[in-house]
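**Student:**
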Amino acid sequence: MCDMGVAPSILTVTPGPPHVASAPVPGIQLATVTDVLPLTNIPTFGMCNSPTNPAVIAATAAKAGAFTPAPCVPATADPWTPPQAAAVCGDPVFDEMATCQCAWAGTIAVVNPGQTTVATVP
C-alpha cells in the first residue's frame with residue numbers, strides 16, 4: 220500500500236528463476252529489492268493524493284485550486300529497503316518490513332506478505 224494512494228495493490232514478483240525458493244515450499248516466488256518497476260512490479264494504487272505529483276498539481280490547478288487527486292502511476296526507482304542478508308543470484312530479498320519510495324513522496328509498504336511459510340533462498 221502507498222500512503223499517498225487510495226487503494227491497496229498486489230506486488231508482482233519477477234517470475235521464474237532466480238526468484239524461486241528451493242525449500243520448504245519449492246517453487247514459491249521470492250521478492251528481491253530490485254522488484255521496483257512501476258506498473259510491472261508495483262501496480263497503481265488507484266488515485267494519488269500527493270501534492271508533489273505533477274498530475275495532482277495539474278488536476279488541482281484545473282479545478283481552480285481545489286485539491287484534486289489524479290490517477291496513480293508509481294514513480295519508483297530505488298530498491299526496497301532494508302534488504303535482508305539472504306540473496307537470490309546476488310539480489311537481496313526483502314520482507315514485510317521493507318518499504319519503497321515513490322518520487323511523488325509516497326512510501327510503499329507491504330501490508331500482507333501473503334506467505335505464511337518462511338522460504339529458504341537457494
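In the working numbering, the protein residues as written are 220 to 341. From the three backbone atoms N, C-alpha and C, an ideal C-beta is built for every residue, glycine too. Computed from a predicted model, the values in this text were never measured in an experiment.
1) Just verifying my parser: in three-state terms, what is the DSSP assignment at residue 247?
2) Quick check on the DSSP output: the alpha helix (DSSP H) that includes residue 326 runs from which residue to which?
3) Identify which residue in 251, 227 and 280 has its Cα closest to the Cα of residue 306.
4) Name the two residues that bound the continuous alpha helix (DSSP H) containing residue 279.
5) For the beta strand (DSSP E) that residue 300 lies in, which residues bound it at each end?
6) Helix, strand or coil: which one does DSSP assign to residue 291?
7) Label residue 229 either buried or exposed according to how many other C-beta atoms from any shown protein chain fall within 10 Å of its C-beta, with 16 as the threshold for buried.
8) Taking the beta carbon of residue 249 as the centre, do at least 16 other beta carbons fall within 10 Å, making it buried, or is it exposed?
9) Around the C-beta of residue 295, are 16 or more other C-beta atoms found within 10 angstroms, so that it is buried, or is it exposed?
**Tutor:** Result, derived from the coordinates:
1) Mapped onto the sequence shown, residue 247 falls at position 28. Three-state result, residue 247: coil.
2) Position 107 of the sequence shown, counting from 1, holds the residue named residue 326. Boundaries around residue 326 are those of the beta strand (DSSP E), 326–328, since no alpha helix (DSSP H) includes it.
3) Start at 1 with the first residue of the sequence shown, and residue 306 comes out as number 87. Of 251, 227 and 280, the residue nearest in Cα terms is 251.
4) As a first step, residue 279 must be located in the sequence shown, where it is residue number 60. If you look at residue 279, you'll find it in the alpha helix (DSSP H) that goes 273–281.
5) Taking the sequence shown and counting its residues from 1, the one referred to as residue 300 is at position 81. Unbroken run through residue 300: none, as it is neither H nor E.
6) Here residue 291 refers to the residue found at position 72 of the sequence shown. In the three-state scheme derived from DSSP, where H, G and I count as helix and E and B as strand, residue 291 is classed as coil.
7) Position 10 of the sequence shown, counted from the start, is the residue given in the question as residue 229. Exposure of residue 229 is indicated by the presence of fewer than 16 other C-beta atoms within 10 angstroms of its C-beta.
8) The residue given as residue 249 occupies position 30 in the sequence shown. So residue 249 counts as buried.
9) If you number the sequence shown from 1, residue 295 lands on position 76. Buried, because 16 or more other Cβ atoms sit within 10 Å of the Cβ of residue 295.
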